[in-house]
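Participant:
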Amino acid sequence: MYPIELKGISKVYHPGQRWARTALHDIHLCIAEGEACALMGASGSGKTTLLKIIGQILAPTSGECRIHGVNTAALSERKKARIRNQTIGFIFQDFGLVEDRNALENTAMPFLFDPEISYAQGKKMALEALEQVGLAHLAKERVSHLSGGERQRVAIARAMAKRHDILLADEPTGQLDTETALHIMQLLQAIQKSGTTLLVATHNPLVAAHCTRQIVLKDGALADVGT
1 MYPIELKGIS KVYHPGQRWA RTALHDIHLC IAEGEACALM GASGSGKTTL LKIIGQILAP
61 TSGECRIHGV NTAALSERKK ARIRNQTIGF IFQDFGLVED RNALENTAMP FLFDPEISYA
121 QGKKMALEAL EQVGLAHLAK ERVSHLSGGE RQRVAIARAM AKRHDILLAD EPTGQLDTET
181 ALHIMQLLQA IQKSGTTLLV ATHNPLVAAH CTRQIVLKDG ALADVGT
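The numbering of the sequence shown is the UniProt record's numbering, which starts it at 1 and goes up by one.
1) Going by DSSP, name the residue or residues bridged to Glu179.
2) In whole angstroms, what is the alpha-carbon distance linking Thr72 and Glu64?
3) Which value, in whole angstroms, describes the spacing of the CA atoms of Ser62 and Gly8?
4) Count the other C-beta atoms from every protein chain shown that fall within 10 angstroms of the C-beta of Glu179, then say buried if there are 16 or more, exposed otherwise.
5) If you drop the 5 nearest sequence neighbours on each side, which residues of the same chain put their C-beta closer than 6 Å to that of Val200?
6) Nearest CA to the CA of Gln93: which residue from Glu141, Tyr13, Gln192 and Lys47?
7) For the 8 Å Cβ check, are there 3 or more pairs between the region 159-174 and the region 188-198?
8) Does Val207 come out as helix, strand or coil in the three-state DSSP assignment?
9) In this structure, does DSSP put Val216 in helix, strand or coil?
10) Could you check if Phe90 is buried or exposed, using at least 16 other CB atoms within 10 Å of its CB as the buried criterion?
11) Only counting runs of 4 or more residues, tell me where the alpha helix (DSSP H) segments fall wholly within the region 14-94, in order along the chain.
12) Lys11 and Leu29 look like a contact to me (Cβ under 8 Å); what is the Cβ gap, rounded to whole Å?
13) Report the three-state DSSP secondary structure of Val98 (helix, strand or coil).
14) Taking Ala221 as part of the beta strand (DSSP E), name the residues at either end of that continuous run.
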């Protein structure tokens, strides 16, 4: 049983309309537990769409997405939300932060919905994650006052704090300098080596070099699944 298994995944935006667009076509892919995979391809190749389908943010037009063997198409929205909170961490390309909350509150936000970890304990874990990305000194700063690179690191800390089974990252180093990007990839590698399955969408060959497998999308189809 794979943490991530895709069978014939296709995604069409605005189906039946003149402006319908096929973002993904017949994707078959298995990712094993503890793998670190780079998802590569040109802009518009379908990387973000694929991550959002795996992350239970988008539904595919056809095909099956299985998370730990469970076909998520058969699940209620509540159960999908539980998978998003309990099983899958997501580093969004646009950060997905709450502007009027501080860095610590944003990082601790997943713990608001966790019945197994108290929010107080969650804030401690969130502060540890901020320390790991070098932002503990800005924990009480509103994210609206942070730079783009700092906001990106808050988003990374939020995904790291919960210690999910699966971590999806959409261009996690896009606004970071080379030294900081290398540090973040080393952190993600350490998480992966502890057993987390990692899938990183990236244009950066240095980021891809830190992964064990490179998966390439071209025009919404798999061009290479790596080895």
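By construction, the Cβ of each residue, glycine as well, lies at the ideal position given by its N, Cα and C atoms. All of these numbers come straight from a predicted model, not from anything done at the bench.
Facilitator: The answer reads as follows:
1) Paired residues: none, contrary to the question.
2) 8 Å
3) 7 Å
4) exposed
5) Ala38 and Ala169
6) Lys47
7) yes
8) helix
9) strand
10) buried
11) 47-54 and 77-86
12) About 14 Å separates the two Cβ atoms, so there is no contact after all.
13) coil
14) Ala221 to Asp224
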